[in-house]
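First residue of the sequence shown? That's 15 in this note's numbering, and the numbers climb one at a time after it. Notes follow once the structure below has been shown.
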Amino acid sequence: MLSVSDLHKSYREGDQIVSVLKGLSFEIKSPCRVGIVGTSGAGKSTLLHILGGLDTPTAGKVRVDHTDLFSISEKKRSRLRGGSFGFVFQFYHLLPELTALENTMLPALIGGRTAGEAREMATEGLKKVGLASRSAHRPNELSGGEQQRVAIARACVMRPKFLLADEPTGNLDETTGGEVFQVLDQVAKESGGILLMVTHNLALVKQMDEVFELKDGTLHKI
Ligand SMILES: Nc1ncnc2c1ncn2[C@@H]1O[C@H](COP(=O)(O)OP(=O)(O)OP(=O)(O)O)[C@@H](O)[C@H]1O
Ligand SMILES: [Mg+2]
15 MLSVSDLHKS YREGDQIVSV LKGLSFEIKS PCRVGIVGTS GAGKSTLLHI LGGLDTPTAG
75 KVRVDHTDLF SISEKKRSRL RGGSFGFVFQ FYHLLPELTA LENTMLPALI GGRTAGEARE
135 MATEGLKKVG LASRSAHRPN ELSGGEQQRV AIARACVMRP KFLLADEPTG NLDETTGGEV
195 FQVLDQVAKE SGGILLMVTH NLALVKQMDE VFELKDGTLH KI
């Protein structure tokens, strides 16, 4: 369960305060795919970062199952993040000097698995996204769609309950984007089943179970 209540986020810009999230609330109880749309600067990335504990809210609560994400220590939050959340970004964020397999192993190593265990988990993950044969390739030896599939394998290697994707197909052509979404959808179903995806792609929006528009600092169901 992911529940957000009265979330506020503002940034200070010199002597000005910019309010991005203004009392936003919502709850996801059961496995589903939720789409978030909104104009550039509406606060979509800000929201995703806060939900995953990568950024802190100015006010309000985020509950992950029964844990209040921002009342626990940074150490506990980071452990919860590593075990329960997977992130996929528009520009993949793979480490260029590591192979596809090594990139995919990282969350498992950070989560305390042995190198052997991490390797096994990552191999399984790359197989799931159809890239077993590219394990030894570095990101610059992979296409954009392949890099994003590695990023998805990495995001899912710990079988996170929540998969947060920020415009995961934004940098891909329509066909590749569609394929990447199918992979994302499939792995989300196999792990926690809750996929929260920011997207501008209307074809993908149509495939989501619920869609919200982030506007004026709050979410509106559409
Ligand atoms: N670290 C920061 N410091 C100051 N302002 C910030 C910071 N991060 C984001 N903002 C501001 O917050 C607002 C929302 O940014 P955010 O990146 O969440 O938008 P977005 O909806 O993801 O946009 P896009 O579709 O372009 O990715 C913007 O006006 C941005 O300038
Ligand atoms: Mg953004």
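Positions of the beta carbon are idealized from the N, C-alpha and C atoms, including for glycine.
In chain order, 22, 23, 24, 231 place their CB closer than 8 Å to the CB of residue 33, counting only its own chain and leaving out the 5 sequence neighbours on each side.
A distance below 9 Å separates the beta carbons of residue 210 and residue 50. The secondary-structure analysis by DSSP pairs residue 27 across a beta bridge with 30. Three or more beta-carbon pairs drawn from the region 143-152 and the region 107-116 are found closer than 8 Å, and the two stretches are therefore classed as touching. In the three-state DSSP reduction, residue 48 falls in the strand class (E or B). Here residue 174 is buried. Its C-beta has 16 or more other C-beta atoms within 10 Å.
Nearest neighbour of residue 160 by Cα position, chosen from 194, 123, 129, turns out to be 194. Taking a C-beta distance under 9 Å as the contact criterion, residue 16 and residue 74 do not qualify as a contact pair. Relative to the non-hydrogen atoms of ligand 1, the Cβ of residue 146 never comes closer than 8 Å to any of them.
Within 8 Å of the C-beta of residue 58 there is at least one heavy atom belonging to ligand 2.
Straight-line measurement puts the Cα of residue 63 at about 12 Å from the Cα of residue 212.
According to the DSSP assignment, residue 77 belongs to the beta strand (DSSP E) that extends over 73-78. Look at the beta carbons and you see the region 81-98 not touching the region 133-144: under three pairs across the two are nearer than 8 Å. Distances taken from the Cβ of residue 228 to the heavy atoms of ligand 1 include one shorter than 8 Å. Counting only residues of its own chain and dropping the five nearest sequence neighbours on each side, residue 103 has a CB closer than 6 Å to the CB of 180. Close CB contacts of residue 108 within its chain, under the 7 Å cut and outside five residues either way in sequence, are with 117, 153, 161, 164, 165 (chain order). Sequence-distant Cβ neighbours of residue 226 in its own chain, meaning closer than 8 Å and more than five residues away, are 40, 48, 49, 50, 51, 233, 234, 235, 236. In this structure residue 43 is exposed. Its beta-carbon is surrounded by fewer than 16 other beta-carbon atoms within 10 angstroms. For residue 219, the closest C-alpha among the options 82, 184, 207 is that of 184.
Here DSSP, grouped into helix, strand and coil, assigns residue 135 to helix.
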